[in-house]
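Structure record follows, encoded as structure tokens.
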Amino acid sequence: MMALKYTLIALIKDILYLPVWWYTRGTVFIYKWLVNTSVSTWKQMGLAVWIKNLFVPMFQQYDWQGRIISFFMRLVQIIGRFIGFVIMFAIYLVIFLAWFILPAFAVYLFLQTTFNTYTPLI
Amino acid sequence: MEEKVPLLICDKSDEGHIRKACRGSWMGFSVHHHFFAWQRDLSDEAIKGRRIAEIFDSIVNFVLMLVGVVGLLHMGILKLINFYVPEYLEYVPGILQKIYIPLWLLIIIIMFVMSRLVRTALTIEFVKKEAADHPYDDGVSWESVAKYHHGAFNNIAYAFAPRAMVAFEEAALKSHKAGVEFSLYTLFEHLLETPDVKSILIRFELPPDQVVRAFHDKFLSEGADHAGANGAMWQTIAKAYLDAAENDDPKVTVFHLFDACLMVDPKFGEFFEQLGVQPKVLDNGVQWFRFMNHLSGEMRSFRRAAFRKNTSDTGAAMTGLATPLLNSIGEDLTKAAKFGYLPVTVGRTSEIGSMLRAFESGASSVILTGQQGVGKMSIVEGLAERMVTEDVPEILKDKRLIRVPITHIVSGSDPGQYQQRLMQVMVEAVRSGNTVLAFEGIEGLFGVRVGGGTSQDLSDTLAELLEKTRLTAIATTTNEAFRTAISGTRFGSMATKLEVNQVEDNDAIQILESRVFNIEAHHTVYFTYRAIEQCVTMARRFLQDEALPENAIKLMQETAVYVRNKRGANQLVRAEDVGFVITEKTNIPTEAVNQDEKDKLLRLEDIMHERVVGQDEAVKAVSAALRRARADLSGGKRPIANFLFLGPTGVGKTETAKTLAEVYFGGEDRMTRFDMSEFQDAQSIYRLIGQPGQQGTGLLTEAIRQNPFTLLLLDEFEKADASLLNVFLQIFDDGRVTDSVGRVVDFTNTIIICTSNAGSNYIQDEVKAGTGTEIIKQGLLDQELKKYFRPELINRFDGVIVYTPLNEEQIEDIAHLMIGGIEKRLYEQKGINLDVTERAVAQLAIKGYSPEFGARPMRRVIQSDIEDVLANILLEGRVQRNQTIVIDVDGAVNIE
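Below is the structure:
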């Protein structure tokens, strides 16, 4: 009896609970994931360190030529790294948004296949 | 942790009201308005149901995942074929074209699997720190918590590590099966059978099966009293949880449970005591495993944090410059730490903390001083680990820590070269802009002159460069080197000095525990807990050239090799093995190290009487005083014992000392002897503890440093200068003295015997008058000794022992002993027997007796009357092997 309760009944409960979970705790989960992954990517890119050192010459070249070259090199680096970050962030954001759209999309497909003559294959 | 946690236990027998109030909890406790409860059904059905559900769930997840993936692939492939090569579609079997899972269903299936996986991952909860930080709320009831918390309890069951949970549930199942109440005893019995606890038992040389059987017989046999054992079991669960919270362990492990059982019921401790493991020792062993568990958790988070550390020469933002020379002569500690090549730094948080504070408060260089082996470099390595996780002040962030052994700088033949190399290193470090240097053994730079005569010292070059560049640097050196070479120099005054002290025994044990698994894996032997403990105790007692923990680590390694070579792989290293290695290293006899001191002390009188004739009272007094001194709970902070032997010459004072050295330290030669008549002026103190600033010049301090396990005999003590007696006053009291270069010399493993002829005449007169020894002693203490010693010095002695003059009978016994010695030597060396008749011995005794000089003339008499005669016979060749020389009265000689 207990085994049944823990298996089949739990499974049915799970299925019924899915939409609720998806838009409540599930949303909290995917939001946290978005924040954590973005922060981690930001750190990985080392952007903060590069911005902090914007006016510090690279490779200890403290002469004026070194400073100028470094400044522009750093600028390029920062822009490059920032673009990299933005791309990654955009991907994360797409996943995040997909989370919201996915159930609605499934329902839309369901309605379309059931009530229209549209066939998904061929 | 000792007091009981006020628990609410749900009364399951009352099906109605209370059970509802418990809201599915079995037990709960309230801490600072948070309610912690066990909310996992422990009925047979539930446990089994959950097990089936676990399997069922993973099968469901697997199948759904498979369906999802295959469905998507199927659909994708068909679409691709249809789009690019529709003519091939006819080759695809019709059934595969007709039967497919619609996309919307696939999406829902994938969502469903995802939600299940995420939810499982999210239910993993950790212990809540606040459970340990606050006092318990007393006097709560199920009704009140239900009202207040609305059933939103912290379920502590989630904080149990899988292995601990399995053990706990298994124990519950077992007791249900046996039809007994689930109690602390069934839980503990089952814990004993878990692999985790078994591994602890093995470390105590306890065979796990036998322990379980003994436990069962004692606690779970028929008719055992188990009143309240169910409550005690819940108490254990609560304790284990709180204990984990207190120690910041994320999960409750089997070790926490085991530990909590021992805490809750003292009977378990007694049980182990009967098996020969003291509760304190057992606790240390459990702590060892818990500590290792904790450490591996910390290592995991360290590796996660280390992942991001940039260890290239130029740093994360390429501010730095490559340092080819530094890389070739130094070692990048941050890189080594990042990739896990450094041993874990255990403890040392206070030292690392004060180093960081010094840097934060503006110091650019810090010098760590401490005895050889005290762990200066491991503090530097600990800093490297902190730098990897960037858990450091701003000045050290995004920097590299490079270890530069001074020997690599001052190698070669030309001091000019040294300076050039040092400057190159410094310039490179400064130019790189992100380098922190750690100079190991900085004293090597001091006293090295670049040119001849009064030219600049190499250390001044370093100091100047450091001052000018404000480069962050750490240096290490020994205490002596700092005092003799560095203190007062330019570098010495600019660097912040941090003293590193020898670790306490317990910390040393922890450090060894953290290293032991590596050593075990390398040599495939296993250390018992006692062996590890012994390594620390023995290293501290006998290997004083280096400090803890280094000497103990080396000893542990040597013992591992010793056992591996002697007994082969997969053997236990026991405490005795450590003793054997100590004997091989130091020549201190094994039995002196390993044998039970108690046994030796109890038989002391008998052993001493084999060599010392008469002096019953003195022998008894020495033995008693030694026993008293050892039973005293001075905690090893004094010498083993100090005695003052009083009495005329030749009555056995030195002989007693020699015997004690043999009995206690395993050989007559383990005696260090000083004639204090050579130390009669105040200046002689320098000969005793060394000339100021000159290392190794103190006769006494050097002797004890090299040979700490010894008997120290100070002859004619009363003749020493009064200022010397003050030094001894301290040695007697603290068991230590500081020598002229500041090293602390340890006297706690010595027996100190001072002999004195002071009051000899008084003793002789009184003995002649027939006064008892006690009265003579009192007389000496009250009057005679006061002329020579201050009362506080006399009070420091564990015993003042009075030796009375020998009588003729005793002299005869001594003659027997001496002749016996000659007989033995003659037979061993030449194979010739010697027989001195009784009458001859009696005659010798009369001849050799002098009430004034005791047994001293005896030796001369035996020399002239026996040894000379023997020498003549041997030289003349009158005697062959196996013949017997018989010596009778008046020197009559017969050869048989």
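Going down the list, the sequences are from chains P and S.
Position 22, counted from 1, in the first sequence is what this note's numbering calls 22; the numbers after and before it change by one each time, with no gaps.
Position 255, counted from 1, in the second sequence is what this note's numbering calls 255; the numbers after and before it change by one each time, with no gaps.
Glycine included, every Cβ here is placed at the ideal spot set by N, Cα and C.
Just so it is clear, the structure is predicted and the values come from calculations on it, not from any experiment.
**Asked** Does the region 454-472 of chain S come close enough to the region 481-495 of chain S to have 3 or more Cβ pairs within less than 8 Å?
**Response** yes
**Neighbouring residues, chain P, relative to S:F168 (Cβ below 8 Å)** = Numbered from 1 along the second sequence, position 168 holds the residue referred to as residue 168 of chain S. By Cβ distance, chain P contributes nothing, its closest Cβ being about 18 Å from S:F168, past 8 Å.
**Request:** Establish whether the CB of S:T319 and some CB of chain P are separated by less than 7 Å.
**Result:** Numbered from its first residue, the second sequence carries residue 319 of chain S at position 319. Yes, S:T319 lies at the interface with chain P (some Cβ there is under 7 Å from its Cβ).
**Item:** Exposure of S:V70, with buried meaning 16 or more beta-carbon neighbours within 10 Å
**Value:** Residue numbering aside, residue 70 of chain S sits at position 70 when the second sequence is read from its first letter. Classification for S:V70: exposed.
**Asked** Can S:F646 and S:S623 be called in contact, C-beta distance under 7 Å?
**Response** By one-based count along the second sequence, residue 646 of chain S stands at place 646. By one-based count along the second sequence, residue 623 of chain S stands at place 623. Reading off the sequence, residue 646 of chain S comes out as Leu, not Phe. No, these two residues do not count as a Cβ contact at 7 Å.
**Asked** For the candidate residues S:Q372, S:F302, S:L326, whose alpha-carbon lies nearest to that of S:K338?
**Response** Counting from 1 along the second sequence, the entry for residue 338 of chain S is found at position 338. Cα-wise, what sits closest to S:K338 is S:F302.
**Asked** What residues match up with S:F674 in a beta bridge as DSSP calls it?
**Response** Along the second sequence, one-based indexing puts residue 674 of chain S at 674. Looking at the DSSP assignment, S:F674 forms a beta bridge with S:L714.
**Asked** What first and last residue would you give for the beta strand (DSSP E) that runs through S:V366?
**Response** In the second sequence, the residue the question calls residue 366 of chain S occupies position 366. Start and end: 365-369.
**Candidates S:A892, S:S312, S:V879, of which the one nearest S:M839 by Cα** = By one-based count along the second sequence, residue 839 of chain S stands at place 839. Residue identity check: residue 839 of chain S is Arg in the sequence provided, not Met. Checking every option, the nearest Cα to that of S:R839 belongs to S:A892.
**Request:** Compute the Euclidean distance between the alpha carbons of P:L34 and P:W42, then round it to the nearest angstrom.
**Result:** Residue mapping note: residue 34 of chain P aligns to position 34 of the first sequence, counting from 1. Residue mapping note: residue 42 of chain P aligns to position 42 of the first sequence, counting from 1. Taking the straight line joining both Cα atoms gives about 12 Å.
**Asked** In the structure shown, what three-state DSSP assignment does S:I866 receive?
**Response** Numbered from 1 along the second sequence, position 866 holds the residue referred to as residue 866 of chain S. Looking at S:I866 - three-state DSSP - the assignment turns out to be helix.
**Prompt:** Which term fits S:N882, buried or exposed, when burial requires 16 or more other beta carbons within 10 angstroms of its beta carbon?
**Reply:** The sequence position of residue 882 of chain S within the second sequence is 882, counting from 1. The residue is exposed, with fewer than 16 neighbouring Cβ atoms inside 10 Å.
**Closer than 8 Å at the beta carbon, the chain S residues around P:T15** = For this step, residue 15 of chain P is matched to residue 15 along the first sequence. Before going on, a small fix: residue 15 of chain P reads as Ile here, not Thr. Per Cβ cutoff of 8 Å: F112.
**Asked** Going along chain P in order, which residues have a C-beta closer than 8 Å to the C-beta of S:S432?
**Response** Position 432 of the second sequence, counting from 1, holds the residue named residue 432 of chain S. Correct list: Q60.
**Request:** Please go through the region 726-769 of chain S and give each complete beta strand (DSSP E) segment of 3 or more residues, from N-terminal end onward.
**Result:** 736-738, 744-746, 751-756
**Best match in S:S850, S:P639, S:L817, S:T697 for proximity to S:R796 [C-alpha to C-alpha]** = The residue given as residue 796 of chain S occupies position 796 in the second sequence. Per the Cα distances, S:P639.
**Beta carbon of S:V281 nearer than 7 Å to that of S:T194** = Position 281 of the second sequence, counted from the start, is the residue given in the question as residue 281 of chain S. Position 194 of the second sequence, counted from the start, is the residue given in the question as residue 194 of chain S. Their beta carbons are not under 7 Å apart, which means S:V281 does not touch S:T194 by this criterion.
**Request:** Note down, one range per segment and in chain order, each alpha helix (DSSP H) of at least 4 residues found wholly within the region 545-603 of chain S.
**Result:** 550-567, 575-586, 590-594, 597-602
**Asked** For the candidate residues S:E655, S:L714, S:M676, S:S141, whose alpha-carbon lies nearest to that of S:G667?
**Response** By 1-based counting over the second sequence, the position of residue 667 of chain S is 667. Of the listed residues, the one whose Cα sits closest to S:G667 is S:E655.
**Item:** Presumed contact (8 Å Cβ cut-off) between S:A322 and S:T311, rounded CB distance
**Value:** The residue labelled residue 322 of chain S in the question sits at position 322 within the second sequence. The residue labelled residue 311 of chain S in the question sits at position 311 within the second sequence. Their Cβ separation, rounded to whole angstroms, is 13 Å, which puts S:A322 and S:T311 out of contact at 8 Å.
**Host alpha helix (DSSP H) of S:L359 (start-end)** = For the purposes of this step, residue 359 of chain S is taken as residue 359 along the second sequence, with counting starting at 1. According to the sequence as given, residue 359 of chain S is Phe; it is not Leu. Its alpha helix (DSSP H) spans residues 349-360.
**Message:** What would DSSP say about S:D457, mapped onto helix, strand or coil?
**Reply:** Within the second sequence, numbered from 1, the residue matching residue 457 of chain S stands at position 457. Looking at S:D457 - three-state DSSP - the assignment turns out to be strand.
**Asked** How is S:M981 classed by DSSP in three states: helix, strand or coil?
**Response** Outside the shown range of chain S (1 to 896) lies residue 981 of chain S, about which nothing can therefore be said.
**Prompt:** For the region 392-399 of chain S against the region 572-580 of chain S, are there 3 or more C-beta pairs whose distance is under 8 Å?
**Reply:** no
**Rounded separation between S:Q695 and S:V388 - CA only** = Taking the first residue of the second sequence as position 1, residue 695 of chain S is located at position 695. Taking the first residue of the second sequence as position 1, residue 388 of chain S is located at position 388. If you take the alpha carbons of S:Q695 and S:V388, they lie about 40 Å apart.
**Request:** Measure the CB-CB distance between S:F709 and S:F674 and report whether it falls below 7 Å.
**Result:** Within the second sequence, numbered from 1, the residue matching residue 709 of chain S stands at position 709. Within the second sequence, numbered from 1, the residue matching residue 674 of chain S stands at position 674. Their beta carbons are not under 7 Å apart, which means S:F709 does not touch S:F674 by this criterion.
**Request:** Output yes or no for whether 7 Å exceeds the beta carbon distance between S:I752 and S:N642.
**Result:** If you number the second sequence from 1, residue 752 of chain S lands on position 752. If you number the second sequence from 1, residue 642 of chain S lands on position 642. It is a contact, given that the beta carbons lie within the stated cut-off.
**Cα-Cα separation between P:F89 and P:V39, rounded to whole angstroms** = The residue you call residue 89 of chain P lines up with position 89 of the first sequence. The residue you call residue 39 of chain P lines up with position 39 of the first sequence. Roughly 10 Å separates the two Cα atoms.
**Prompt:** What do you get for S:N707, buried or exposed, if any count of 16 or more other CB atoms within 10 angstroms of its CB means buried?
**Reply:** The sequence position of residue 707 of chain S within the second sequence is 707, counting from 1. Label assigned to S:N707: buried.
**Message:** Check whether chain S comes within 7 Å of P:Y6, counting only Cβ atoms and requiring the distance to be less than that.
**Reply:** By one-based count along the first sequence, residue 6 of chain P stands at place 6. With 7 Å as the cut-off, P:Y6 counts as an interface residue toward chain S.
**Message:** I'd like to check one pair, S:A172 with S:F182: are the Cβ atoms closer than 7 Å?
**Reply:** Here residue 182 of chain S is taken as the residue at index 182 of the second sequence, counted from 1. Here residue 172 of chain S is taken as the residue at index 172 of the second sequence, counted from 1. Yes, the pair counts as a contact, with Cβ atoms nearer than the cut-off.
**Asked** In angstroms, rounded to a whole number, what distance separates the CA positions of S:K198 and S:L192?
**Response** As a working note, residue 198 of chain S is residue 198 in the second sequence. As a working note, residue 192 of chain S is residue 192 in the second sequence. C-alpha separation (whole angstroms): 6 Å.
**Asked** By the 10 Å Cβ neighbour count, where 16 or more other Cβ atoms means buried, how is P:Q60 classified, buried or exposed?
**Response** Position 60 of the first sequence holds residue 60 of chain P. That one is buried.
**Item:** Cβ neighbours of S:L793 in the same chain (closer than 7 Å, five flanking residues each side left out)
**Value:** Taking the first residue of the second sequence as position 1, residue 793 of chain S is located at position 793. Answer for S:L793: L725, L729, listed in chain order.
**Alpha carbon of P:I122 to alpha carbon of P:I12, nearest angstrom** = As a first step, residue 122 of chain P must be located in the first sequence, where it is residue number 122. As a first step, residue 12 of chain P must be located in the first sequence, where it is residue number 12. Its pLDDT being 40, under 50, P:I122 is placed unreliably by the model, and the measurement read from it follows with that caveat. If you take the alpha carbons of P:I122 and P:I12, they lie about 34 Å apart.
**Secondary structure, alpha helix (DSSP H): runs of 4+ residues fully inside the region 774-823 of chain S** = 791-796
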